[in-house]
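Per numbering that gives the first Met the number 0, the very first residue in the sequence shown carries number 0; after that it's consecutive.
No residue lacks a Cβ here, since even glycine has one placed at the ideal position from N, Cα and C.
Source: prediction; values computed, not measured.
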Amino acid sequence: MAAPHVAGALALVKEHFPGETHETHINRVVNNTDVLPSLDGRVFSSGRLNLNRIFQGPPGGNLGKGNDFDRDGRSDAVLFSPTAREWKVIHSSSGREITTQWGGAGSRPVAGDYDGDGRTDYAVYYPSFGLWAILASRLGEQLEYHFGGPKSIPCPGDYDGDGKTDKAVYEQASGVWRVWFSSNGQIKTYTLGSGASQPVCADYDGDGIADLGVYDARTGRWSIYSPSMDTQQILLHLGPAGSVPCPGITTGTGWPTRLSIMRAASNGLWRGRRTGP
Numbered sequence: 000m001a002a003p004h005v006a007g008a009l010a011l012v013k014e015h016f017p018g019e020t021h022e023t024h025i026n027r028v029v030n031n032t033d034v035l036p037s038l039d040g041r042v043f044s045s046g047r048l049n050l051n052r053i054f055q056g057p058p059g060g061n062l063g064k065g066n067d068f069d070r071d072g073r074s075d076a077v078l079f080s081p082t083a084r085e086w087k088v089i090h091s092s093s094g095r096e097i098t099t100q101w102g103g104a105g106s107r108p109v110a111g112d113y114d115g116d117g118r119t120d121y122a123v124y125y126p127s128f129g130l131w132a133i134l135a136s137r138l139g140e141q142l143e144y145h146f147g148g149p150k151s152i153p154c155p156g157d158y159d160g161d162g163k164t165d166k167a168v169y170e171q172a173s174g175v176w177r178v179w180f181s182s183n184g185q186i187k188t189y190t191l192g193s194g195a196s197q198p199v200c201a202d203y204d205g206d207g208i209a210d211l212g213v214y215d216a217r218t219g220r221w222s223i224y225s226p227s228m229d230t231q232q233i234l235l236h237l238g239p240a241g242s243v244p245c246p247g248i249t250t251g252t253g254w255p256t257r258l259s260i261m262r263a264a265s266n267g268l269w270r271g272r273r274t275g276p
């Protein structure tokens, strides 16, 4: 991409997303640039910017794409076997099945875009000693961080809107959350939920930044909090006792809908409530 084209694209992005930070605008441009080969060794191209994908995609660039290992803007089918230390990914762009060795017995998958290159990175969390092991796609680096422990549930997400997945853990017994922000390296603590509450993190307000959330299956109560905006909790009830929470973007608008699926013993009905306009 030539410099004038980049400057023009960035100006359009700023105009289209006025509420976002300058760093987020840059990440939108970088993460939606497709790498191209040189032309007969005479011309080098850093990539081709896909403006349509920037404006059509959900806010926040990486949010809503799920496990996008090939950076085509679509979720890829993924299977992870801790005992075999094996990931199997079917790329939506080509249909190819890719097998990668990463992880081990007792580890839990926590895949995300930790290096901010627009591709999902292979990552696992070992609850026994709070170890995050990440295979970064940008340079193939193997990264390890100690954050959490046996009583912590991993809840990765982009909580600061910088286009990178942040490490976060939830201690179910106390309702204490700890988020390690990638933008500034700070670790902040929040309190939301307790006891039987299940973590259900997602972008509930459509600002492109992940929100903390818990669901109490006993009462059907959802509690949501935005660390980036320090906004008041959203409280609502959806789903009878025993329902399984399934938060996610389901309306095609970039805004998430909360869903519950009933136990097999009942009627198997899905219920949803839209949170955006």
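Proximity test, residue i beta-carbon vs the ligand PLP heavy atom, cut-off 6 Å
i       : result
Leu-142 : In terms of ligand content, the structure shown is empty, and the ligand PLP therefore cannot be addressed.
Between the CA atoms of residue j and residue i - distance to the nearest angstrom
i       : j       : result
Ile-152 : Tyr-144 : 15 Å
Ala-195 : Ala-83  : 31 Å
Ala-10  : Ser-225 : 28 Å
Ala-76  : Ala-110 : 13 Å
Gly-188 : Pro-108 : At residue 188 the sequence reads Thr, which differs from the Gly that was named. Cα-Cα distance, rounded: 23 Å.
Leu-237 : Asp-165 : 28 Å
Asp-202 : Asp-112 : 16 Å
Gly-102 : Cys-200 : 23 Å
Ser-106 : Gln-185 : 25 Å
Cys-154 : Lys-13  : 30 Å
Gln-197 : Lys-150 : 13 Å
Ser-74  : Pro-81  : 21 Å
Ser-127 : Arg-95  : 34 Å
Asn-311 : Gly-205 : Here the chain covers residues 0 to 276 and nothing more, so residue 311 does not appear.
Gln-100 : Thr-218 : 41 Å
Leu-38  : Leu-234 : Residue placement at Leu-38 is poorly supported in this model, since its pLDDT is 38, which falls under 50; the coordinates are not used for a value here.
Ala-172 : Leu-191 : 11 Å
Val-123 : Phe-79  : 10 Å
Under 7 Å between C-beta atoms of residue i and residue j
i       : j       : result
Asp-120 : Leu-134 : yes
Ile-223 : Gly-212 : yes
Asp-69  : His-90  : yes
Ser-193 : Gly-162 : no
Asp-114 : Ser-92  : no
Ser-227 : Asp-159 : yes
Tyr-169 : Trp-179 : no
In DSSP terms, what residue i is bridged to
i       : result
Val-123 : Pro-108, Ala-132
Thr-98  : Lys-87
Arg-118 : Per DSSP, none; premise fails for Arg-118.
Ala-76  : Ile-89
Ser-222 : Val-213, Leu-234
Endpoints, the beta strand (DSSP E) within which residue i is located
i       : result
Ala-216 : That residue, Ala-216, is in no beta strand (DSSP E); it is neither H nor E in DSSP.
C-beta neighbour in chain B for residue i, strict 7 Å
i       : result
Val-213 : Absent from the structure is chain B; it holds one protein chain and no more.
Practice item. Scan the stretch 135-211 and note each continuous beta strand (DSSP E) run of 3 residues or more that stays entirely inside, going in chain order. Key: Fully enclosed beta strand (DSSP E) runs of 3 or longer: 141-145, 151-153, 166-170, 175-179, 186-190.
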